[in-house]
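A short write-up of the structure that comes next.
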Amino acid sequence: MTNFFQGDIIKIAGFDKRKFVIISKNAFIRATGVFHVCPLLKEKNDGPLHIIVLDNETNTSGTAICEQVKLIDPAARACSKIGRIRYDDIMEVSDAIQGMFEYD
1 MTNFFQGDII KIAGFDKRKF VIISKNAFIR ATGVFHVCPL LKEKNDGPLH
51 IIVLDNETNT SGTAICEQVK LIDPAARACS KIGRIRYDDI MEVSDAIQGM
101 FEYD
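For the sequence shown, our numbering assigns the number 1 to the initial residue and increments by one for each residue that follows.
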């Protein structure tokens, strides 16, 4: 089984063309064996929770759609790592998601 980490860009069986970025903390992934993801679009898509990220391994960019968080069990769905976003982008995506759940 592949080890997955926060910031990995993955493909998931059943989502043919879509890519996802793993947003869960590494401690959560280790403890549960599952992780949360956000879809990653190729094109720029403006919005307050749409964060442009850069793939460190392929030097390509995309937009993380932070309001569409999904929980994935890699034991139930075939997942493959295809890249990794920069640490600064991981922080920005995490901040956007956390901001959705702050108290008013």
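Idealized CB from N, CA, C, for every residue including glycine.
Spatial distance of residue i from residue j (CA atoms)
{"i": "Asp104", "j": "Gly47", "result": "20 Å"}
{"i": "Ile22", "j": "His36", "result": "6 Å"}
{"i": "Ile12", "j": "Val34", "result": "13 Å"}
{"i": "Asp89", "j": "Val69", "result": "16 Å"}
{"i": "Gly7", "j": "Asn45", "result": "20 Å"}
According to DSSP, residues forming a beta bridge with residue i
{"i": "Ile9", "result": "Val21 and Gly83"}
{"i": "Asp55", "result": "Ile85"}
Residue i, enclosing beta strand (DSSP E) - first and last residue
{"i": "Ala27", "result": "That residue, Ala27, is in no beta strand (DSSP E); its alpha helix (DSSP H) goes Asn26 to Thr32."}
{"i": "Gly62", "result": "Ser61 to Ile65"}
{"i": "Lys70", "result": "Lys70 to Ile72"}
Integer Cβ distance of residue i from residue j, believed to fall under 8 Å
{"i": "Ile82", "j": "Lys19", "result": "7 Å"}
{"i": "Leu41", "j": "Gly14", "result": "Incorrect: roughly 18 Å between the Cβ atoms, too far for contact."}
{"i": "Phe4", "j": "Cys66", "result": "About 19 Å separates the two Cβ atoms, so there is no contact after all."}
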